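For the sequence shown, this note's numbering gives the first residue as 34, with consecutive numbering after it.
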Amino acid sequence: MNKVALALLGALTGVLVHSGAAQAQASATGGTASTAPTASRLDEILARGTLRACTTGDYKPYSFYKTDGQFEGIDIDMTESLAKSLGVKAEYVKTSWPNLMNDFVARCDIGVGGVSPTLERQKRAFFTQAYMVDGKTPIVRCDDVNKYQTVAQIDQPATRVIVNPGGTNERLAKQFFSHANLTVYPDNVTIFKQILAGKADVMVTDASETLLQQKLNPGLCSVHPDKPFQYGEKAWLLPRGDVAFQQYVDQWLHLARATGEYQAVTDKWLK
Numbered sequence: 034m035n036k037v038a039l040a041l042l043g044a045l046t047g048v049l050v051h052s053g054a055a056q057a058q059a060s061a062t063g064g065t066a067s068t069a070p071t072a073s074r075l076d077e078i079l080a081r082g083t084l085r086a087c088t089t090g091d092y093k094p095y096s097f098y099k100t101d102g103q104f105e106g107i108d109i110d111m112t113e114s115l116a117k118s119l120g121v122k123a124e125y126v127k128t129s130w131p132n133l134m135n136d137f138v139a140r141c142d143i144g145v146g147g148v149s150p151t152l153e154r155q156k157r158a159f160f161t162q163a164y165m166v167d168g169k170t171p172i173v174r175c176d177d178v179n180k181y182q183t184v185a186q187i188d189q190p191a192t193r194v195i196v197n198p199g200g201t202n203e204r205l206a207k208q209f210f211s212h213a214n215l216t217v218y219p220d221n222v223t224i225f226k227q228i229l230a231g232k233a234d235v236m237v238t239d240a241s242e243t244l245l246q247q248k249l250n251p252g253l254c255s256v257h258p259d260k261p262f263q264y265g266e267k268a269w270l271l272p273r274g275d276v277a278f279q280q281y282v283d284q285w286l287h288l289a290r291a292t293g294e295y296q297a298v299t300d301k302w303l304k
């Protein structure tokens, strides 16, 4: 046997020995050598004792930042429930819609507060199962309900469309209302007062928000909230790639909906 053949035989023997050792180790531990569990945010949260939630605090009924420095809303109550299930405390990180994704990736375990799943956000994060089906619909002065029924009726040069920055509302407005007089208004809390005051005509946002805002602002009316312009959902942001944590949160959410806990929280804020 020549030297080349001997070298190849030696290399092959080494590979077989290494493979056999790996298989023996896997058999002894009841698994395979390549499937060692990876660290999950779930374990980190349990060890840390806190659940960090990014939220904008400007989107009733999901998340609202009060003057006393506390948050309230559907997603805040549910975040407290998730934290309780983990035996930890909830901590909130105030962010904005333009900064939501960067803040979530850098600083938080979950992102909550009426977040709509999008493919762009999906590139950087996982989502829970959807907890609400929603869609975009107009809110206007009640006298103008018949005037702004369709996208075509709104998309006119004389129509003053107002929108908050950085989220799916702004993206939809810029896509569908290119002919309208579009204003990006920085404060999502007072934006509806602009319509009441006659400084704007229409805002298109999630139907659930329009239903709440027409209660909070007599004189404003939601336009066909049961037939929104497009399909939408609400879900929570989770760390990308962390299947263990995603499965825990999804299972918790499933049980919260099955037992009626989620419905009770929603009724508290919407009825």
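Positions of the beta carbon are idealized from the N, C-alpha and C atoms, including for glycine.
Here the structure is a predicted model, which means the values were calculated and not measured.
Start-to-end residues for the alpha helix (DSSP H) that takes in residue i
i, result
"A240", "240 to 249"
"K117", "107 to 119"
"F210", "Counting along the chain, F210 falls outside any alpha helix (DSSP H), and DSSP gives it neither H nor E."
"D234", "Run containing D234: none; DSSP gives neither H nor E here."
"T299", "294 to 303"
"K226", "224 to 229"
"R154", "152 to 155"
Where residue i sits in the DSSP three-state scheme
i, result
"Y218", "coil"
"C175", "helix"
"R193", "strand"
"L288", "helix"
"V145", "coil"
Residue i vs residue j beta-carbon contact at 7 Å
i, j, result
"S96", "G102", "no"
"P198", "V222", "no"
"A206", "V196", "yes"
"V194", "A213", "yes"
"Q279", "F159", "yes"
"D167", "R85", "no"
"Q124", "T83", "Correcting the residue type first, residue 124 is Glu in the shown sequence and not Gln. Going by C-beta atoms, E124 is nearer than 7 Å to T83."
"P171", "V121", "no"
"D245", "K93", "Residue identity differs from the one stated: residue 245 is Leu in this sequence, not Asp. Yes, Cβ-Cβ distance for L245 and K93 is below 7 Å."
"W285", "L115", "yes"
"L75", "A240", "no"
Cβ neighbour criterion (16 or more within 10 Å) applied to residue i
i, result
"Y264", "exposed"
"G146", "buried"
"A54", "The predicted position of A54 is uncertain, since its pLDDT is 44 and thus under 50; a value taken from the coordinates is nonetheless stated next. Label assigned to A54: exposed."
"A289", "buried"
"C242", "For clarity, residue 242 is Glu in the given sequence; the question names Cys instead. Counting Cβ neighbours within 10 Å, E242 comes out buried, since at least 16 surround it."
"R154", "buried"
"D220", "exposed"
"T183", "exposed"
"R273", "exposed"
Beta-ladder partner(s) of residue i, from DSSP
i, result
"E77", "Bridge partners of E77: none, in fact."
"D91", "F97"
"M134", "DSSP output for M134 lists no bridge partner at all."
"S129", "Paired residue(s): none; S129 is not in a bridge."
"D167", "G265"
"E124", "R85"
Unbroken beta strand (DSSP E) run spanning residue i, endpoints
i, result
"R97", "Checking the sequence, you will find Phe at residue 97 rather than Arg. Looking at the DSSP string, the run of the beta strand (DSSP E) that includes F97 is 96 to 98."
"A158", "158 to 160"
"P272", "270 to 272"
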